[in-house]
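Below: the structure, in structure tokens.
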Amino acid sequence: MRWEKLGERTLYKGWRHVLGRTFRLPNGDEHEFEVKVEARTAVVLALRDDGQVVLVREFRPGLEESLLELPGGEVDADEDPRDAAGRELLEETGYEGELVEAGTMFDCAYSTRVRHVFVAQGCRQVAEPSPGDGEAPEVELMPLDAFREHLRGGRLTDVGPGYLALDRLGRL
3 MRWEKLGERT LYKGWRHVLG RTFRLPNGDE HEFEVKVEAR TAVVLALRDD GQVVLVREFR
63 PGLEESLLEL PGGEVDADED PRDAAGRELL EETGYEGELV EAGTMFDCAY STRVRHVFVA
123 QGCRQVAEPS PGDGEAPEVE LMPLDAFREH LRGGRLTDVG PGYLALDRLG RL
């Protein structure tokens, strides 16, 4: 027996959109799960030729603190994820680089979000950052070895994308 979807309903629709999805489980029980409906995102591990990783320090309202993270953001509805990655990197940091896809990953078990992960090599700053509404990122550089330690410390929301990008580079 498999899981059977019985239906779904909107539980909340505001800045966040949450559905209640009801399933019949293999044992016959029925259960409603809360699922966040979220757009695709693009995340970039940006490396300069000197081995520095380009990061952004951003305030995260849920945690009420600033975290040092990889640049990235939403992929617009009809946008190619690679284009979104380049756009987000430029907007948040002012940097450009040669983008290579590192892979895709799920955000979490209770979200519809798919994260597209890219590596940008040969990054150079070509403009000043121009963040969108509700953003105030600060650009910071970090040596690659220190970035590996930063990932191990778990003090960013991009741990999975960071490891996927380092694996793509053969630099785990």
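Residue numbers for the sequence shown follow our numbering, beginning at 3 and rising by one.
Virtual Cβ for every residue (Gly too), placed ideally from N, Cα, C.
Practice item. Could you work out which residue in Glu98, Glu81, Arg42 is closest to Val55 when comparing CA atoms only? Key: Glu98
Check your understanding: Would you call Pro2 buried or exposed, if buried means 16 or more other Cβ atoms sit within 10 Å of its Cβ?
Key -> No statement about residue 2 is possible, as the shown extent of the chain runs from 3 to 174 and does not include it.
Review point. When burial is assigned at 16 or more other CB atoms within 10 Å of the CB, is Glu71 buried or exposed?
Key: buried
Point to revise | Burial state of Leu13 (16 or more Cβ within 10 Å) | key: exposed
**Study point:** Nearest to Asp31 (by Cα), restricted to the options Val39, Leu21, Lys7, His19
**Key:** Lys7
Review point. Are there three or more Cβ pairs, one per stretch, closer than 8 Å when the region 145 to 162 is compared with the region 84 to 92?
Key: no
Review point. In this structure, what does DSSP give as the bridge partners for Arg50?
Key: Cys125
Review point. Beta-carbon separation of Val45 and Pro63 under 9 Å?
Key: no
Exercise for review: Indicate whether Lys38 and Arg115 have their beta-carbon atoms separated by less than 9 Å.
Suggested key: yes
Practice item. Grab me the residues of Phe35's own chain with a C-beta within less than 6 Å of its C-beta, minus the 5 sequence neighbours each way, in chain order. Key: Arg23
Practice item. Tell whether a beta-carbon distance below 9 Å holds between Val119 and Arg173. Key: no
Point to revise | Residues bridged to Gly76 [DSSP beta-bridge criterion] | key: Note on residue identity: the sequence assigns Glu, not Gly, to residue 76. DSSP output for Glu76 lists Thr43 as bridge partner(s).
Review point. In whole angstroms, what is the alpha-carbon distance linking Ser132 and Glu60?
Key: 14 Å
Check your understanding: Any idea what DSSP makes of Glu90, helix, strand or coil?
Key -> helix
Point to revise | Local Cβ density within 10 Å of Asp160, reported as buried at 16 or more and exposed below that | key: buried
**Study point:** Supposed close pair Ala167, Leu57 - CB separation, criterion 8 Å
**Key:** Not confirmed; about 12 Å, so no contact.
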